[in-house]
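Trainee:
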Amino acid sequence: MNIAIFDQNQLYAYGLKVIINKLLSQSANITINESSSLSKMHLVIRTPALSSWEEWQGAFNHPQTLYIYHRPLPADPLCRGNILYRNDPLDITLSILKKNLHRCPDEETPPPLINGTLSDTEIQVLKLLKMGWSDRVIAAHCRLGTKTVSLMRCNVIKKMGLHNRLELYQLLNKLHF
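Numbers 16 to 192, taken from the working numbering, label the letters of the sequence shown in order.
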(Lines of atoms letter the chains of each structure in order from A and count residues from 1; the text may use other names and numbers.)
(Lines give C-alpha, C1' and ligand atoms only; values in the text may rest on other atoms or scores of the structure.)
Protein backbone atom coordinates (compact mmCIF):
# COMPACT_ATOMS: atom_id res chain seq x y z
CA MET A 1 0.00 0.00 0.00
CA ASN A 2 1.30 3.46 -0.93
CA ILE A 3 0.57 6.25 1.55
CA ALA A 4 1.54 9.93 1.40
CA ILE A 5 1.60 12.18 4.47
CA PHE A 6 1.66 15.96 3.95
CA ASP A 7 2.17 17.90 7.16
CA GLN A 8 4.33 20.83 8.26
CA ASN A 9 4.83 19.13 11.64
CA GLN A 10 7.52 16.57 10.80
CA LEU A 11 7.32 14.95 14.25
CA TYR A 12 3.58 14.30 13.93
CA ALA A 13 4.01 13.00 10.37
CA TYR A 14 6.80 10.65 11.44
CA GLY A 15 4.66 9.43 14.37
CA LEU A 16 1.81 8.64 11.97
CA LYS A 17 4.25 6.77 9.75
CA VAL A 18 5.42 4.61 12.68
CA ILE A 19 1.83 3.91 13.79
CA ILE A 20 0.73 2.97 10.27
CA ASN A 21 3.70 0.62 9.81
CA LYS A 22 2.75 -1.14 13.06
CA LEU A 23 -0.93 -1.38 12.03
CA LEU A 24 -0.33 -2.88 8.61
CA SER A 25 0.66 -6.52 8.37
CA GLN A 26 2.18 -6.03 4.91
CA SER A 27 4.86 -3.49 4.23
CA ALA A 28 3.72 -0.01 3.27
CA ASN A 29 5.51 2.59 1.19
CA ILE A 30 4.96 5.76 3.23
CA THR A 31 6.32 9.11 2.08
CA ILE A 32 6.33 12.38 4.01
CA ASN A 33 5.89 15.66 2.11
CA GLU A 34 6.75 14.15 -1.28
CA SER A 35 4.38 14.72 -4.19
CA SER A 36 6.43 12.99 -6.89
CA SER A 37 4.37 9.78 -6.94
CA LEU A 38 1.04 11.16 -5.71
CA SER A 39 -0.92 9.51 -8.52
CA LYS A 40 0.13 6.05 -7.25
CA MET A 41 -1.00 6.62 -3.67
CA HIS A 42 -3.80 4.59 -2.12
CA LEU A 43 -4.25 7.01 0.79
CA VAL A 44 -3.25 10.64 1.37
CA ILE A 45 -3.07 12.06 4.90
CA ARG A 46 -2.70 15.85 4.90
CA THR A 47 -3.32 19.15 6.63
CA PRO A 48 -5.76 21.50 4.89
CA ALA A 49 -3.01 23.99 3.99
CA LEU A 50 0.31 23.12 2.40
CA SER A 51 3.06 25.39 1.19
CA SER A 52 3.32 24.15 -2.38
CA TRP A 53 0.40 24.83 -4.75
CA GLU A 54 1.06 21.66 -6.77
CA GLU A 55 1.24 19.45 -3.68
CA TRP A 56 -1.85 21.08 -2.23
CA GLN A 57 -3.92 20.76 -5.39
CA GLY A 58 -2.86 17.16 -6.03
CA ALA A 59 -3.37 15.98 -2.46
CA PHE A 60 -6.66 17.85 -2.12
CA ASN A 61 -8.06 16.16 -5.20
CA HIS A 62 -7.08 12.62 -4.17
CA PRO A 63 -10.07 10.25 -3.87
CA GLN A 64 -9.16 8.77 -0.47
CA THR A 65 -7.87 11.42 1.90
CA LEU A 66 -7.60 11.82 5.67
CA TYR A 67 -7.39 15.41 6.94
CA ILE A 68 -5.37 16.56 9.96
CA TYR A 69 -6.77 19.43 12.03
CA HIS A 70 -5.37 21.04 15.17
CA ARG A 71 -8.58 20.81 17.20
CA PRO A 72 -12.20 19.73 16.71
CA LEU A 73 -14.48 22.23 15.04
CA PRO A 74 -17.80 22.94 16.78
CA ALA A 75 -19.83 22.32 13.61
CA ASP A 76 -18.66 18.72 13.27
CA PRO A 77 -18.00 17.11 16.66
CA LEU A 78 -19.07 13.53 15.88
CA CYS A 79 -18.65 12.97 12.16
CA ARG A 80 -15.06 11.77 12.01
CA GLY A 81 -14.82 9.46 9.02
CA ASN A 82 -11.81 11.10 7.43
CA ILE A 83 -10.54 13.56 10.06
CA LEU A 84 -7.65 13.23 12.50
CA TYR A 85 -7.16 15.77 15.28
CA ARG A 86 -3.68 16.34 16.69
CA ASN A 87 -4.92 16.24 20.28
CA ASP A 88 -6.87 12.97 19.87
CA PRO A 89 -6.14 10.12 22.24
CA LEU A 90 -4.16 7.33 20.61
CA ASP A 91 -7.10 4.88 20.57
CA ILE A 92 -9.25 7.26 18.51
CA THR A 93 -6.39 7.93 16.08
CA LEU A 94 -5.82 4.18 15.75
CA SER A 95 -9.50 3.43 15.06
CA ILE A 96 -9.71 6.09 12.33
CA LEU A 97 -6.46 4.91 10.76
CA LYS A 98 -7.57 1.25 10.86
CA LYS A 99 -10.87 2.07 9.18
CA ASN A 100 -9.17 3.99 6.38
CA LEU A 101 -6.19 1.68 5.93
CA HIS A 102 -8.29 -1.44 5.51
CA ARG A 103 -10.75 0.14 3.12
CA CYS A 104 -10.31 -0.98 -0.44
CA PRO A 105 -8.70 1.85 -2.46
CA ASP A 106 -11.09 1.27 -5.35
CA GLU A 107 -14.18 1.20 -3.15
CA GLU A 108 -16.91 3.26 -4.71
CA THR A 109 -18.27 6.08 -2.58
CA PRO A 110 -21.98 6.79 -2.65
CA PRO A 111 -23.05 9.83 -4.67
CA PRO A 112 -23.46 12.95 -2.57
CA LEU A 113 -26.94 14.11 -1.66
CA ILE A 114 -26.27 17.52 -3.17
CA ASN A 115 -26.97 16.47 -6.75
CA GLY A 116 -30.71 17.09 -6.44
CA THR A 117 -30.53 20.53 -4.86
CA LEU A 118 -27.64 22.22 -6.66
CA SER A 119 -27.34 23.29 -10.28
CA ASP A 120 -24.68 21.82 -12.56
CA THR A 121 -22.74 25.09 -12.46
CA GLU A 122 -22.82 25.16 -8.65
CA ILE A 123 -21.52 21.59 -8.54
CA GLN A 124 -18.76 22.47 -10.99
CA VAL A 125 -17.78 25.47 -8.85
CA LEU A 126 -17.75 23.25 -5.74
CA LYS A 127 -15.45 20.76 -7.46
CA LEU A 128 -13.05 23.55 -8.35
CA LEU A 129 -13.23 24.97 -4.82
CA LYS A 130 -12.41 21.52 -3.49
CA MET A 131 -9.34 21.45 -5.72
CA GLY A 132 -8.19 24.69 -4.09
CA TRP A 133 -8.84 27.08 -6.96
CA SER A 134 -9.37 30.74 -6.10
CA ASP A 135 -12.57 32.60 -7.02
CA ARG A 136 -10.71 34.49 -9.74
CA VAL A 137 -9.34 31.31 -11.36
CA ILE A 138 -12.75 29.60 -11.15
CA ALA A 139 -14.41 32.65 -12.70
CA ALA A 140 -11.98 32.65 -15.62
CA HIS A 141 -12.31 28.88 -16.11
CA CYS A 142 -16.13 28.90 -16.02
CA ARG A 143 -16.49 32.24 -17.81
CA LEU A 144 -18.24 33.82 -14.86
CA GLY A 145 -17.63 36.95 -12.85
CA THR A 146 -15.68 36.75 -9.60
CA LYS A 147 -18.70 38.11 -7.72
CA THR A 148 -20.88 35.42 -9.34
CA VAL A 149 -18.60 32.68 -8.01
CA SER A 150 -18.72 34.24 -4.55
CA LEU A 151 -22.52 34.53 -4.76
CA MET A 152 -22.79 30.89 -5.88
CA ARG A 153 -20.77 29.80 -2.86
CA CYS A 154 -23.08 31.80 -0.57
CA ASN A 155 -26.15 30.27 -2.23
CA VAL A 156 -24.73 26.76 -1.83
CA ILE A 157 -24.11 27.44 1.86
CA LYS A 158 -27.76 28.51 2.26
CA LYS A 159 -29.18 25.63 0.18
CA MET A 160 -27.27 23.07 2.20
CA GLY A 161 -28.21 24.56 5.56
CA LEU A 162 -24.64 25.47 6.45
CA HIS A 163 -23.60 28.58 8.35
CA ASN A 164 -20.23 29.60 6.93
CA ARG A 165 -17.37 28.80 4.55
CA LEU A 166 -15.61 26.62 7.10
CA GLU A 167 -18.58 24.27 7.27
CA LEU A 168 -18.73 24.20 3.47
CA TYR A 169 -15.05 23.28 3.18
CA GLN A 170 -15.47 20.60 5.86
CA LEU A 171 -18.29 19.10 3.81
CA LEU A 172 -16.26 19.32 0.60
CA ASN A 173 -13.44 17.42 2.33
CA LYS A 174 -15.84 14.53 2.93
CA LEU A 175 -17.35 14.38 -0.55
CA HIS A 176 -15.77 12.39 -3.35
CA PHE A 177 -16.94 13.85 -6.64
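For each residue, glycine too, the CB sits at the ideal point set by N, CA and C.
Just so you know, these numbers come straight off a predicted model, no measurement behind them.
Less than 6 Å between C-beta atoms, sequence neighbours within five positions excluded: which residues of the same chain meet that for N44?
Mentor: By 1-based counting over the sequence shown, the position of residue 44 is 29. Correct list, in chain order: N17.
Trainee: Could you round the C-beta distance between L143 and I153 to whole angstroms and report it? I think they count as a contact, below 8 Å.
Mentor: Reading the sequence shown from its first residue, position 128 is the one you call residue 143. Reading the sequence shown from its first residue, position 138 is the one you call residue 153. Their Cβ separation, rounded to whole angstroms, is 5 Å, which keeps L143 and I153 in contact under 8 Å.
Trainee: By the DSSP assignment, the beta strand (DSSP E) with N170 in it spans what residues?
Mentor: Mapped onto the sequence shown, residue 170 falls at position 155. Taken as a continuous stretch (DSSP letters only), N170 belongs to no beta strand (DSSP E), being part of the alpha helix (DSSP H) at T161 to K174.
Trainee: What are the start and end residues of the beta strand (DSSP E) that includes R61?
Mentor: The residue labelled residue 61 in the question sits at position 46 within the sequence shown. Unbroken beta strand (DSSP E) run through R61: L58 to R61.
Trainee: Give every residue of the same chain whose Cβ lies closer than 6 Å to the Cβ of N188, excluding the five residues on either side of it in the sequence, and list them in chain order.
Mentor: If you number the sequence shown from 1, residue 188 lands on position 173. Within the same chain, N188 has close Cβ partners Y82.
Trainee: Can you look up N17 in the DSSP assignment and give me helix, strand or coil?
Mentor: Position 2 of the sequence shown, counting from 1, holds the residue named residue 17. DSSP places N17 in strand when its eight states are reduced to three.
Trainee: What residue does the alpha helix (DSSP H) around T132 start on, and which one ends it?
Mentor: As a working mapping, residue 132 is identified with position 117 in the sequence shown. Note, T132: premise wrong, no alpha helix (DSSP H); not H, not E.
Trainee: Just the C-alpha distance for V140 and H178, rounded to the nearest angstrom, thanks.
Mentor: To locate residue 140, count along the sequence shown from 1; it is residue 125. To locate residue 178, count along the sequence shown from 1; it is residue 163. Distance between the alpha carbons of V140 and H178: 18 Å.
Trainee: Out of N102, K37, M175 and D103, which has the shortest C-alpha to C-alpha gap to S134?
Mentor: Taking the sequence shown and counting its residues from 1, one reaches residue 134 at position 119. Of the listed residues, the one whose Cα sits closest to S134 is M175.
Trainee: What number of angstroms, rounded off, separates the C-alpha of N24 from the C-alpha of N115?
Mentor: Here residue 24 corresponds to residue number 9 of the sequence shown, with the count starting at 1. Here residue 115 corresponds to residue number 100 of the sequence shown, with the count starting at 1. The alpha-carbon atoms of N24 and N115 are separated by roughly 21 Å.
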